[in-house]
Every structure is written in C-alpha cells, then in structure tokens.
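Enquirer: The opening position of the sequence shown corresponds to residue 4 in the numbering used here, with each subsequent residue numbered one higher. No residue lacks a Cβ here, since even glycine has one placed at the ideal position from N, Cα and C. Computed from a predicted structure; not experimentally measured.
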Amino acid sequence: PTDAVIFYSTVRKGGYWTLNSGSTQGGTMIWIHGNRFAQNGFNSVPSILNTNTVQLVDGYSVYDCEMHNDKITNTQLTCYAPILSEGYYQIRVYVNGYLIPLYQYYDSKQASFTPMLSHTPIITSITPQSGTPQSLIKLAGSFKTACYSRDVDGCAQDNNPLISRIYVGGHLCNVIDPISGATYTTVNDTALICFFEDNEVGLFNITMLVTNEYGRSLARSNLYRISADENLYMFQSYAGLLIY
C-alpha cells in the first residue's frame with residue numbers, strides 16, 4: 004500500500020480546485036497537489052519504483068493522463084489530459100504501483116477533471132486549405148486568448164493563457180516573423196496568420212495548443228477533406244512550379 008495523500012487538483016498553476024474544466028481534445032495540464040508522491044528518479048532502466056501514474060476514471064472507463072515529469076515533486080504531480088468526451092472524471096493516482104485509496108483524499112470531489120466544449124479552442128476556418136510549403140496560413144475561430152508571448156501587454160502573468168504552439172502536421176506554424184520580430188498580422192482571440200515553416204509536401208491536420216485549461220484545439224468538421232487513401236486532412240501542401 005501507499006501512504007500518499009491527495010489534497011486537490013486544478014488546471015492552472017497556483018489555481019483552486021474549482022478550476023477543473025479543460026479541453027475535450029486533450030493537452031490540458033492537470034496539477035495534482037498532495038503529499039508523499041514518488042520523487043521521479045531519472046533511471047535508464049524502467050522501474051515500478053519511483054513512479055507515479057495518473058488515470059482519469061468515468062464509471063468503468065479508464066484513461067491514462069500522460070505524465071509531465073519536469074514539474075513532479077513529492078507534493079505535486081502534473082500530467083496532460085487525453086482526448087475525452089464531455090463529462091466528469093475522477094482523478095486516480097498510483098504511487099510505485101499502488102493505488103491511492105479514495106479515503107486518503109482530502110475530498111475526492113476536489114480531485115476531478117471536467118472536459119467541456121466551452122473550454123476547448125476551436126478552429127472554424129483555414130485560408131487557404133492548400134498551398135506551397137513556406138507559406139502563410141490564416142486561421143479563424145475561438146482561440147480563448149489573444150496572447151502568444153509573455154512579452155505582450157496583458158500576457159505576462161501565469162494566469163494569462165497563451166497560444167503556445169500551432170502545428171501543421173508535426174511542423175510549426177509561427178505567428179512571429181523571425182526576421183522582423185513582429186507578427187504577420189494582429190493576433191486576436193478569433194484570427195491570426197502563421198507561417199508554415201517546413202518544406203514537406205503532403206496532407207496535414209492543423210492544431211493549436213493553448214496553455215492553462217484550454218489545451219488542444221478542435222476543428223470544425225467542415226474543414227476536413229478525405230484523401231485518395233481515405234484519410235482525413237485539413238491542409239495540403241504541394242510543390243511549387245519553377246518557371247524558367
């Protein structure tokens with residue numbers, strides 16, 4: 004057995020237990036506060052000792068929460084929620100392979116996660132939906148924040164959510180021009196332009212990650228197209244023609 008205890012969880016650094024809602028698309032970081040968690044030792048050999056695992060439980064359905072080991076101490080665990088349906092999920096924690104029983108929680112209701120569409124960033128428009136690599140892409144939707152850097156006015160505090168990453172497939176799409184240091188256009192919470200940095204030609208999905216409770220974005224279903232091999236995609240990059 005384990006003598007670890009759980010006090011509460013939150014989706015915001017320094018937040019209260021009442022802040023427990025997040026994205027349905029995963030990527031929301033959950034902070035779990037308690038005592039006597041395993042201090043993560045960095046072992047080259049995997050071991051059940053010195054490990055913590057977190058699961059989100061809804062009735063008989065159990066989902067793994069991907070551990071974020073950088074911020075783990077003996078009083079704090081952090082993990083990224085997976086894609087989940089809207090609902091109420093009890094947070095369960097294993098320390099060194101032993102499940103912390105609910106009677107070792109301060110109050111089990113204060114250690115839960117509630118994914119909600121209202122807390123999910125949404126992409127409603129992509130312009131254009133095809134183009135050459137190294138091109139500008141305009142996104143519109145409900146991003147939940149206009150902040151993209153801690154250097155922007157009104158964005159310096161930890162409780163200000165940031166648009167931390169935009170991905171085209173596995174490639175970054177940057178809102179800041181690296182040469183000028185300025186954004187390609189004014190970034191607000193409903194529209195932005197980013198630069199697809201890679202040279203890869205192919206079919207890609209576009210996702211946005213927003214910090215704090217908001218996590219990974221959801222794309223409106225009409226943005227998806229079906230490829231010849233029946234895969235869904237949102238953006239197609241193709242080789243440009245060289246004219247001599």
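Could you give the residue range of the beta strand (DSSP E) that holds residue 198?
Expert: 194-199
Enquirer: From what residue to what residue does the beta strand (DSSP E) around residue 79 run?
Expert: 79-83
Enquirer: Sorted by chain position, which residues of the same chain lie with C-beta nearer than 6 Å to residue 124's C-beta, five sequence neighbours on each side aside?
Expert: Its chain contains 146, 147, 211, 213, 217, 220 as the residues whose beta carbon lies nearer than 6 Å to that of residue 124, once the 5 sequence neighbours on both sides are disregarded; these appear in chain order.
Enquirer: Is there at least one non-hydrogen atom of the ligand SAM closer than 7 Å to the beta-carbon of residue 54?
Expert: Looking for the ligand SAM in the displayed structure turns up nothing, as the structure carries no ligands at all.
Enquirer: Rank 127, 207, 32 by C-alpha distance to the C-alpha of residue 229 and give the top, closest one.
Expert: Nearest C-alpha to residue 229: 207.
Enquirer: Less than 8 Å between C-beta atoms, sequence neighbours within five positions excluded: which residues of the same chain meet that for residue 202?
Expert: 136, 137
Enquirer: Are residue 97 and residue 85 touching if we call contact CB-CB under 8 Å?
Expert: no
Enquirer: Which word fits residue 240, buried or exposed, when buried means at least 16 other C-beta atoms lie within 10 angstroms of its C-beta?
Expert: With a threshold of 16 other beta carbon atoms within 10 Å, residue 240 meets it and is buried.
Enquirer: Which one of 15, 227, 194, 95 has the shortest CA to CA distance from residue 209?
Expert: 227
Enquirer: Tell me which same chain residues have a C-beta within less than 8 Å of the C-beta of residue 40, skipping the five on either side of it?
Expert: So the list reads 7, 55, 75, 76, 77, 78, 79, 80, 96, 98, once near-sequence residues are dropped.
Enquirer: Would the stretch 188-202 count as touching the stretch 8-23 if we require 3 or more Cβ pairs under 8 Å?
Expert: no
Enquirer: Along the beta strand (DSSP E) that carries residue 147, what are the first and last residues, could you check?
Expert: No beta strand (DSSP E) contains residue 147, which DSSP labels as neither H nor E.
Enquirer: So, does the stretch 113-131 touch the stretch 16-35, judging by three or more C-beta pairs under 8 Å?
Expert: yes
Enquirer: Give me whichever residues DSSP pairs with residue 36 in a beta bridge.
Expert: 11, 79
Enquirer: Drop a sphere of 10 angstroms on the beta-carbon of residue 185, count the other beta-carbons inside from all chains shown, and report buried for 16 or more, exposed for fewer.
Expert: Exposed, because fewer than 16 other Cβ atoms sit within 10 Å of the Cβ of residue 185.
Enquirer: Using DSSP bridges, identify the partner residues of residue 61.
Expert: 64
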